[in-house]
Amino acid sequence: AAIQVMQSIPENAAVLVAFDYEPSRAGEMEAAATPLLDQLLLLKRSRFTLIATNETGSVLAERFISGPLAFHQQSGMQYTNLGYLPGGQLGIRAFAQNPSVTSPSDIFGQPAWASPTLQDVTALNQFTAMILITDNADAARVWIEQTQGLRGNIPFIVVSSAQAAPMIQPYYDSAQVTGIVPGLYGGAIFEQYNAGRPGTARNYWDAYSIGMLIAMAFVLGGGLWNLMLGLRERREDK
């Protein structure tokens with residue numbers, strides 16, 4: 027479903043991207059989210075507005091732009107980083123009700139809503155789509171519940187860690203979320219549609235799969251070795 031949502035977004039559209047994950051999970055979350063954001067920039071030339079709901083999120087957002095999306099940054103991509111949104115669920119609710127008042131400036135102190143990135147956007151439901159990148163099911167729940175009724179019918183995609191995805195799935199089943207990208211596996215699926223561009227998620231996933239095969243080989247080898255030793259001991263006892 028997330029792939030269909032991405033394909034349906036028009037060109038040069040304003041997309042809100044929320045960051046809520048810990049620095050220790052940055053590798054997985056970047057690998058999971060990069061294929062989606064990369065395709066939105068490459069195929070749709072989307073205008074990203076970034077916001078964070080944990081203390082390190084605005085730094086992680088800038089790291090994301092200058093790291094996995096560096097090619098687009100060098101090519102002049104349009105984005106605005108609104109920085110950290112304090113207040114937990116109350117802060118998210120306030121932002122959903124009146125984003126330009128709740129987060130008026132970008133991380134450099136400049137008026138954010140006068141920027142070309144946010145042209146014709148003054149309310150949450152005027153974004154073309156919302157994307158939440160999170161490793162925390164509770165954070166996803168808060169974003170879903172506090173923005174419901176205020177984001178209108180715009181698509182809402184959650185890029186989650188593999189561990190959080192099962193707890194977010196019921197929101198997709200009840201149509202409160204339009205699509206889920208579950209960890210490295212979800213990112214690797216997205217990369218199948220990226221016209222052969224190299225992808226971090228697929229590399230991580232392939233390495234993980236190889237590691238699992240090696241582990242299984244060791245387990246099977248150990249089992250066979252124990253079986254052979256057992257048979258040998260029985261022969262010696264006879």
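Mapping of the sequence shown onto our numbering: residues 27 to 264, in sequence order.
Here a beta-carbon is modelled for each residue, glycine too, at the ideal position from N, C-alpha and C.
This structure is a prediction, so every number in the text was calculated from the model and none was measured.
Which residues does DSSP pair with residue i in a beta bridge?
i           : result
residue 182 : 156
residue 196 : Per DSSP, none; premise fails for residue 196.
residue 106 : 75
residue 131 : 137
Could you compute how far the alpha carbon of residue i sits from the alpha carbon of residue j?
i           : j           : result
residue 94  : residue 72  : 16 Å
residue 142 : residue 63  : 19 Å
residue 203 : residue 122 : 16 Å
residue 16  : residue 250 : No information on residue 16 is available, as it lies outside the stretch 27 to 264 that the chain covers here.
residue 271 : residue 186 : Nothing about residue 271 can be read from this structure; the chain reaches only from 27 to 264.
residue 231 : residue 211 : Low confidence applies to residue 231: its pLDDT is 44, below 50, so where it sits in the model is not reliable, and the reading given next is rough at best. Distance between the alpha carbons of residue 231 and residue 211 is about 7 Å.
residue 199 : residue 128 : 31 Å
residue 86  : residue 49  : 7 Å
residue 104 : residue 209 : 26 Å
Need the endpoints of the beta strand (DSSP E) that residue i sits in, please.
i           : result
residue 45  : 40 to 46
residue 77  : 73 to 78
residue 208 : 205 to 208
Let's see if you can read the secondary structure: which residues bound the alpha helix (DSSP H) around residue i?
i           : result
residue 121 : 114 to 123
residue 83  : 83 to 92
Residue i: buried (16+ other C-beta within 10 angstroms of its C-beta) or exposed?
i           : result
residue 181 : buried
residue 107 : buried
residue 36  : exposed
residue 125 : buried
residue 134 : exposed
residue 158 : buried
residue 97  : exposed
Do the region 153 to 171 and the region 28 to 44 meet, that is, are 3 or more Cβ pairs less than 8 Å apart? Yes: at least three Cβ pairs fall under 8 Å.
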